[in-house]
Structure formats: structure tokens, C-alpha cells
Amino acid sequence: MVTTAAAAPVLDLRGIDKRFAGVAALRGASLRMHAGEVHALMGQNGAGKSTLVKCLTGVHLPDAGQMLLQGRPIVPATPLAAQRLGIATVYQEINLCPNLSASENILAGRLPRRWGWIDWPRAHERAQAILSGLQVQADVRRPLGELPVAVQQMVAIARAVSQDARVLVLDEPTSSLDEAETARLFDALKRLRDQGVAILFITHFLDQAYAMADRITVMRNGCTVGEYLPADLSRLRLVSLMVGRDFDTEGATQPMPPPPADTAPVLQAQGLGRRGQMQPFDLQLRSGEVLGLAGLLGSGRTETARLLFGAQRPDSGTLRLGGQACTLRHPAEAVQHGLAFCPEERKTEGIVAELSVRENIVLALQAKRGWRRFIPRREQAELAARYIRELGIKTADAEVPIGQLSGGNQQKAVLARWLATEPRVLILDEPTRGIDVAAKHEIMEQVLQLCRRGMALVFISSEIPEVLRVSQRVAVLRERRLVAERDGAGLTEAQVVAIIAEAPATHSPAPRRHAA
Amino acid sequence: MNTATAPARRPRPWRHPQFWPAATLLALLLLNWAFNPGFVSLSWRDGHLVGPLIDIANRAAPLITVALGMTLVIATRGIDISVGAVVAIAAAVAATLIGGNLVIQDGQQVYVARTPMALALLAALGVALLCGLWNGLLVGVAGIQPIIATLILMVAGRGIAQLITQGQIVTIYYKPYFFIGAGYWLGLPFAFWLALGLAAVMGWLKHRSALGLFVQASGANPAAARLAGIRAGALLVGVYAFCGLTAGLAGLMISSNVKSADGNNAGLLLELDAILAVTLGGTSLLGGRFSLRGTVLGALIIQTLTYAIYSMGVPPEVNLVVKAVVVGVVCLVQSPAWLQWRPAQADRA
Numbered sequence: 001m002v003t004t005a006a007a008a009p010v011l012d013l014r015g016i017d018k019r020f021a022g023v024a025a026l027r028g029a030s031l032r033m034h035a036g037e038v039h040a041l042m043g044q045n046g047a048g049k050s051t052l053v054k055c056l057t058g059v060h061l062p063d064a065g066q067m068l069l070q071g072r073p074i075v076p077a078t079p080l081a082a083q084r085l086g087i088a089t090v091y092q093e094i095n096l097c098p099n100l101s102a103s104e105n106i107l108a109g110r111l112p113r114r115w116g117w118i119d120w121p122r123a124h125e126r127a128q129a130i131l132s133g134l135q136v137q138a139d140v141r142r143p144l145g146e147l148p149v150a151v152q153q154m155v156a157i158a159r160a161v162s163q164d165a166r167v168l169v170l171d172e173p174t175s176s177l178d179e180a181e182t183a184r185l186f187d188a189l190k191r192l193r194d195q196g197v198a199i200l201f202i203t204h205f206l207d208q209a210y211a212m213a214d215r216i217t218v219m220r221n222g223c224t225v226g227e228y229l230p231a232d233l234s235r236l237r238l239v240s241l242m243v244g245r246d247f248d249t250e251g252a253t254q255p256m257p258p259p260p261a262d263t264a265p266v267l268q269a270q271g272l273g274r275r276g277q278m279q280p281f282d283l284q285l286r287s288g289e290v291l292g293l294a295g296l297l298g299s300g301r302t303e304t305a306r307l308l309f310g311a312q313r314p315d316s317g318t319l320r321l322g323g324q325a326c327t328l329r330h331p332a333e334a335v336q337h338g339l340a341f342c343p344e345e346r347k348t349e350g351i352v353a354e355l356s357v358r359e360n361i362v363l364a365l366q367a368k369r370g371w372r373r374f375i376p377r378r379e380q381a382e383l384a385a386r387y388i389r390e391l392g393i394k395t396a397d398a399e400v401p402i403g404q405l406s407g408g409n410q411q412k413a414v415l416a417r418w419l420a421t422e423p424r425v426l427i428l429d430e431p432t433r434g435i436d437v438a439a440k441h442e443i444m445e446q447v448l449q450l451c452r453r454g455m456a457l458v459f460i461s462s463e464i465p466e467v468l469r470v471s472q473r474v475a476v477l478r479e480r481r482l483v484a485e486r487d488g489a490g491l492t493e494a495q496v497v498a499i500i501a502e503a504p505a506t507h508s509p510a511p512r513r514h515a516a
Numbered sequence: 001m002n003t004a005t006a007p008a009r010r011p012r013p014w015r016h017p018q019f020w021p022a023a024t025l026l027a028l029l030l031l032n033w034a035f036n037p038g039f040v041s042l043s044w045r046d047g048h049l050v051g052p053l054i055d056i057a058n059r060a061a062p063l064i065t066v067a068l069g070m071t072l073v074i075a076t077r078g079i080d081i082s083v084g085a086v087v088a089i090a091a092a093v094a095a096t097l098i099g100g101n102l103v104i105q106d107g108q109q110v111y112v113a114r115t116p117m118a119l120a121l122l123a124a125l126g127v128a129l130l131c132g133l134w135n136g137l138l139v140g141v142a143g144i145q146p147i148i149a150t151l152i153l154m155v156a157g158r159g160i161a162q163l164i165t166q167g168q169i170v171t172i173y174y175k176p177y178f179f180i181g182a183g184y185w186l187g188l189p190f191a192f193w194l195a196l197g198l199a200a201v202m203g204w205l206k207h208r209s210a211l212g213l214f215v216q217a218s219g220a221n222p223a224a225a226r227l228a229g230i231r232a233g234a235l236l237v238g239v240y241a242f243c244g245l246t247a248g249l250a251g252l253m254i255s256s257n258v259k260s261a262d263g264n265n266a267g268l269l270l271e272l273d274a275i276l277a278v279t280l281g282g283t284s285l286l287g288g289r290f291s292l293r294g295t296v297l298g299a300l301i302i303q304t305l306t307y308a309i310y311s312m313g314v315p316p317e318v319n320l321v322v323k324a325v326v327v328g329v330v331c332l333v334q335s336p337a338w339l340q341w342r343p344a345q346a347d348r349a
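Chains as they are written, first to last, in our numbering: chain F, 1 to 516; chain W, 1 to 349.
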């Protein structure tokens, strides 16, 4: 599928520079794409991938450099201008209107009209046809927000491709999809590729890059490291190119020996559950222990975490913290009891974008202390400086609004917020989603250090190898039910997948079916 | 990315959040001065300063007071449109309790209050606090949208004030009470001192307690603030109650200044001026970051503008239009599109 180097590229970016508030995000970055190829753009957080894409799609104006589309220089000043040039984009966070129907989202700005009125039957028909082209079945009349996330993602792609795009840019399109959904997305992308669309695919998943990409461009520190054919590039080499040093992908962290069995549990859930969210489950957690929650997206992992943290009130069961029974009615009570929870949705539930990095870091500790026991500004600054240093948060200074940081650094700041409260139990829900390999290891290494000093950890991730690597015990969830609990030692990915894939027992209630 | 050295920031005063409000106020003051050379004249009479600037400070005091309370409400993504009605209620309570008679004893004027003044003031402020508490419970506990929740009291409040005054305009004949709204202390209007004192106390609480952080965090991202352990419900109740209290204080200033309480007209449309003052001061109606200094500037802008319109002899019929034009310009100048702010979303690659 790889086009010969002789063929003229459909898109050619050369020497792109971009600075933000004095910090160089791009330094002479380049990118070439050919028609009919899937091109993976890879790099760590902060490598400049999204910035490069945003220069291309008219979100940012590059400070220097040249962009050629089919040989002609272009300077898209707005996303709309880029769209008109045939450059369509699907961003990491789905940028659609959840209150509007799928049809409206797909056809917004170009709804078919008759006599000046919107021709709804034709609009729905056309939207349905576009979605069917991507092998998606969904009721296009329903508000988008009621459709599963995967379908929303496909709608975003449908919107992009239905504008006769010559270049389609996908920024982390699979970060909110499960495997089956990802596979379906890939099928759709392959069909688009075969129609001659040049697809730029930004991802952190090595597997997906190798499965999909015809070519890979690696970025590091705002520069383009090089362009490679997947066949010529080993995974280890790719990772070390991204990181800039040789890197051991396997076994960077070793599970610690489990704490002695007679250690008193710090957290004990008995029959905890909530109708429609999570079937009652039992869980025990001892101090210094790492419990992994494995399961597919929507299997009840997040619901379990929210029940433990009091973010969702259970309607059955009991929770004991440090041997003491307690009913958590509000996350504030959980925080008082030494619980901490990094939610899955970093942007909507984690960071407070307009507040500074410092304020974001001290937030939970200040909430735990109450409004009267104010943490003096100097102490706040010291706390922030300490975590910026220890977790390697990349920011110009602690007073920058956290919204300006890259995703991985935002995640580190949210983690810092909780570490500052010195929790007894830390719940991490997909802490490494949308984060590069090196940051992942840094974050996990920091957390495991704390576990060695007695903190208990509940670790939730879609990536089973990651769960296995850190967990002493693994609880497997399926269809909102805790179905198995295993010792982490000697457990293999295949075994976990087998548990997840087991046919549900007959007595279990029918899982809620998605429209897709 | 180089993070070790902080980037040298070029000084850009117009990016400072209070630059435009301050510039607007200055421009309005200069405009007044240009039209009326006596505008900046200050003289000392009867133990206090006299002059147009002092008038503006005195008249702006109730608006500053209400707008300060409103700032907190708006920072939590809320709005309180009942403050005008609460002003009327507090004024009615104070006026009815004090009332006052002019008595001549041995050829001397003696002022007699129906109820001890301290008690009357406490009662008026207490009732205002209760009004705010009611709003807070509707918003923070019952979860009603702020504009609807406070609409209830906005409509009902005028009726309550009428009930208290029995449909009459209650005149106050008790001289010590006039000090609040018309008295002077250290040469400046006492009400202005009150408003500034309120701003100072709030500024202290914002920067020396965690309340500023909590209000801004739960206004900017309620979901994240909740998960971080902030109890938004209690916070909202407190914020609305406080806003009610500031409205009550403004009610005392106004009724003391005009020596009467009118259930129908006291504080009429004050909520809109207060919201305007907050907006002019640069606090976003979307919640989050708030600026007390900006609000004080905003309230002074409104009062100076009103003064300018009257003193320049603009016909009263068009003065609302003039006000609207000025406000529109100030809001436009502060809008992101105008400032061409750098995109908030930096590199997230």
C-alpha cells in the first residue's frame, strides 16, 4: 500500500515552528503524506503531535514553515478554511453537540433544504447513508448524547469524511473505544484509504500503529525524528526513538510481594452495589496492596471505583474503611477517610482548566482540611514545586492555567493533587489513557513507590498487560458484575481474556444493549 | 520542551484583567471633568468632603455592596435576580421597626425609635440573610436552576416588602439611622466605607482562607471540584446567603439615605446593575475566576456614567440608551475575540 517515494506527496509540511508563551512546541517539524495511505504520527506527550496537527487544521497559525497541499502552499487560518481545503479532523475529545441528533451533527452547516426549510427526511436519509458507509447502525434522529461513545466517535468521523476530505486527521481516535469498536473503526479507515484518502492517525497504542499504518512518523521534543516503514522499525526501536533513549518495554516495574495475609484490610466492601450500575460485589484491600480491575469498557470498572469513593451512592452493601463501617454520601467524606480517586475523564472530572497548576494540586488537600485551615500561599507554592519536580510535570511555572498543559502533564497534576493528601487508598481509573509510554512508566513508578510505603492501590485499565504488570491481585469484571478474583502472580493475559470472554451465566440479567 | 527557564513575558498591561475596567472608569472621569471643570473640585464643609466625586462614591456604595455579593454567586455559575427585592424587604423591616417620632422635649429635639436601632438593624440583616438562605437552599440543595430559584423571591419579595410596610411608604424620623446612608466618617461617606470594608473583608477571605479556591474551582468545573472533595451544596447555600446579606446591607444604606422605605421601588432593577457591575469588572458569567476589585470598578463605572448622563443634560428618556451603548462597548473590548487571546488550549500532543 505504501506509495513509492517518487510519487508527489498530497501533503507536505516543512520546517514548522510554533511557540506558546515562550515555550517552543514545534521546532522545524515536518510531515509528508501520500494519497491512499494510513500514516501514524507517534511521539510522547508534549512531543508536538497535536500542535502540528492543529497548525495543519487551522487551529494554530505556525510561526514559521511551509505547508503544501498537492504542491500548492496553504495557510489555513481557521478550522473552516482547512475543511474547505479538504483537510478534515477528528479530535481526541469528541467535539460534537450532544443535544443535537446524529444527522444534525454529521450535516451541520450543509443540511439539505427545500423552499428554504430543512428537508429532514432527506437529511436523515443522507446521514444514515453516510453512517452505513462506515458500517455503523444507529438511529440518526436521536440526540447524539444518548448514543454510545463509540457511535459518537464514528459520527465524528462520518462528519469528517462526508466532506470529501483528501486528508483525514484522527487525533487519538481509539482512546475511548473498546476492542470491537476499534476494529470496526479500522475497517472503516481501511475503506477510506482504499478510496484514496490520506489518513493521519495519532495514537499511543503501538499495536494499533503497527496494525494500521503504512508509514510511521516519529516526533520528539517538537522535532520530527524521522519517517519509517513499519516493517523496518522494531517496536523497541520505535519506543526508543520516541523517548530518545534505549528503553526496556518489558518488566520495567515488578509486582511487589503481596503483604502478609494477616494484615488488616484498609478497605472492605461487602455486597456493595447499585441497581443499574453495578451488581453487588465483595472486595478487600490491604495496606500496600495493588488490586487491578480488569474488564472491557463498560464492564463496571468505573462504577466500582465510584461506589468505593462515594461519588455514586450504593443502594446495597456495606463499606468498611480501616475496620470501621462507614456510609459515604459524598466524595468529601471519602477524602476525609483517606481515599483518593483519579477519575477516567481527566478533562471533565479531573482538572479545573482555568485554575493554575498550583491551585489544581492543592485542591484536594485544601478540601480535606476545610476552608478555615488555609494552606498558606508559600506552603502551596512549595507543595506544587515539589510535585512538579517529583512527577516531572512540564510547565513554564506553577501559575500557568492547567488547561494549557499537555494531557500527560495534566494527568500528572491530578495525581499530584491526590498524592498531596497522603491517601491510604488510591483509586486510579485509566490513569494512563492518552498518555505515552514514558509518562506511563513514570506515573506508575511513582505510585508503586508509595505502595511500598503502605498505600493501597486500586488500578483500573483497559490494557490487561498493564494491569498484570503492577497488580498483586486482579479482579475481573464483566457486564457490571465482578466475576473473578485471581492472584496476580503467574496470571497471564490469555487467562484474563478467557474470563472476560466466558459466556455469561444464564442467571445474569440481560446486559443493556447499545444501539450500535 | 525547555521548562527550566521561565519564558520572559513581555509586559502587556492591556492583558491585565482589570485594565479595561480601570481605563473605562478613568475615561468616564476625564469626560466628566472635560464637560464640567468643577467635577474634581473638593471642598471641606461640615466636617466632611463635598464634591461630585464624593456624591458618586456615596451613591455607588449600595451598588458596590450588592455587586460584591453577586460576584460570588456568579463565580459559582449562578445568578441572583432577587437582590432588588431583598433590598426592599430589608429596608421595609428596618423602617417599620425604627419608624421614629419627632418629639420636642424642653425645647430640644429628641429622636425616639420604636425599637432600639441595633435590634432593628440586626433584624433587617437577619431577614435578608434568611432570604439569601432560601435562595441557597433552592439552588444548592434542591438543585433548581439559579435564575428560576431566585425569580421566585424576586417576584414574591416585593409582595413581602409591601406586607411589612402595609402598602405604605414608611418614612423614618430617627436621625441616628441616617448616618448609615448619609453620614460621613473621616471625611468620606460612611456608606462608602462600609462598601470598601466589605470588599476588604471579602478580599481577605478570598486570599487568606480556602473559600476563594473552593468557589472558583466549583464554579469552573463542578464535577472535578466535587470529586476533589468540595461540598458544592454547602458552599452554594453559604454564597447565596451571603449575597442576601449584602443586599440587606444595601437596603439599609438606601433606606437610610432616602429616609424612607418604599416596598415597590426600593432597589428596583438593582439586580441588573449589580450583574452589570460584575460583568464590567471582568468576572465571567460562566463562573470560575472572579475579581472583587473588578466588581468595585464596575459599580463605580455605572455610577460615574449615570452621573455623567445627568450632569451633561442628556434627556432622561435616552439615558438608558446611552448607558447601554457604553456598557456594550466595554463588554466588547473585554471579549476574547477582541483581545485575540492566545488559544487557551496549548500543545496537548
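The C-beta atom is built at its ideal place from N, Cα and C for all residues, glycine as well.
Quantities reported herein were computed from a predicted structural model and do not represent experimental measurements.
- Closest by C-alpha distance to W/MET70, out of W/ALA124, W/LEU227, W/LEU138 and W/SER291, is W/SER291.
- Contact between F/ILE361 and F/LEU339 is absent: CB atoms are separated by about 18 angstroms, not below the 8 angstroms threshold.
- Close to W/PHE214, with beta-carbon spacing below 8 angstroms, are these residues of chain F in chain order: GLN366, ALA367 and TRP371.
- Contact residues of the stretch 208 to 239 of chain W toward chain F are ARG208, SER209, ALA210, LEU211, LEU213, PHE214, GLN216, ALA217, ALA220, ASN221, ALA223, ALA224, ALA225, ARG226, LEU227, ALA228, GLY229, ILE230 and ARG231 (C-beta to C-beta distance below 8 angstroms).
- Under a criterion of Cβ atoms nearer than 7 angstroms, the residues of chain F adjacent to W/ARG289 are, in order, GLU354.
- Chain W has no Cβ within less than 8 angstroms of the Cβ of F/PHE201.
- Per the Cβ contact rule, the stretch 276 to 286 of chain W is not in contact with the stretch 178 to 186 of chain W (fewer than 3 Cβ pairs under 8 angstroms).
- Assignment of F/PHE341 by DSSP, reduced to helix, strand and coil, places it in the strand class.
- Inclusion of F/VAL335 and F/THR421 in the CB contact set at 8 angstroms is warranted, their separation being smaller than that value.
- Per DSSP, reduced to three states, the secondary structure at F/GLU485 is strand.
- W/GLY84 is a Cβ neighbour of W/LEU268, given a cutoff of 8 angstroms.
- Interface criterion not met: the Cβ of F/VAL75 is under 8 angstroms from no Cβ in chain W.
- The criterion of a C-beta distance shorter than 8 angstroms is not satisfied by F/VAL53 and F/VAL197.
- One alpha carbon belongs to F/THR182, the other to F/LEU56, and they sit about 25 angstroms apart.
- In the assembly as shown, W/MET312 is an exposed residue. Its beta-carbon has fewer than 16 other beta-carbons within 10 Å.
- The bridge partners DSSP lists for F/ILE199 are F/VAL38 and F/LEU168.
- Counting only runs of at least 4 residues, the stretch 103 to 185 of chain W fully encloses the following alpha helix (DSSP H) elements, listed from N- to C-terminal order: 117 to 136, 146 to 165 and 175 to 182.
- Ranked by Cα distance from W/ALA23, the options W/ALA75, W/ALA61, W/GLU317 and W/THR304 are led by W/THR304.
- A residue is called buried once 16 or more other Cβ atoms fall within 10 Å of its Cβ, and F/LEU229, having fewer, is exposed.
- Cα atoms of F/LYS347 and F/VAL38: separation of roughly 28 angstroms, rounded to the nearest angstrom.
- Excluding its 5 nearest sequence neighbours in each direction, W/LEU211 has C-beta neighbours in its own chain below 6 angstroms: LEU205, listed in chain order.
- Per DSSP, F/GLN336 lies in no beta strand (DSSP E) segment; the continuous alpha helix (DSSP H) that holds it begins and ends at 331 to 336.
- With 16 or more other CB atoms across the displayed protein chains lying within 10 angstroms of its CB, W/ASP262 is buried.
- In the structure shown, F/ASP12 adopts extended strand secondary structure according to DSSP, grouped into three states.
- Residue ranges of uninterrupted beta strand (DSSP E) with 3 or more members are absent from the stretch 105 to 129 of chain F; none lies entirely inside it.
- The beta-carbon of F/ILE361 is placed no less than 8 angstroms from the nearest beta-carbon of chain W.
- The bridge partners DSSP lists for F/ILE427 are F/PHE341 and F/VAL458.
- The three-state secondary structure of F/TYR228, taken from DSSP, is strand.
- Rounded to whole angstroms, the gap between the alpha carbons of F/SER50 and F/VAL497 is 33 angstroms.
- Between F/PRO173 and chain W, the shortest Cβ-Cβ separation is not below 8 angstroms.
- The stretch 164 to 177 of chain W and the stretch 91 to 99 of chain W touch, with no fewer than 3 CB-CB distances between them shorter than 8 angstroms.
- The three-state reading of DSSP puts F/GLY273 in strand, counting E and B together.
- For the 8 angstroms CB-CB criterion, W/GLY159 and W/LEU236 do not form a contact.
- W/ILE56: member of the alpha helix (DSSP H) spanning 52 to 75, first to last residue.
- When DSSP reads this structure, F/PHE20 sits in a beta bridge with F/VAL23.
- By the CB criterion at 8 angstroms, F/ALA367 and W/ALA228 fall inside the cutoff.
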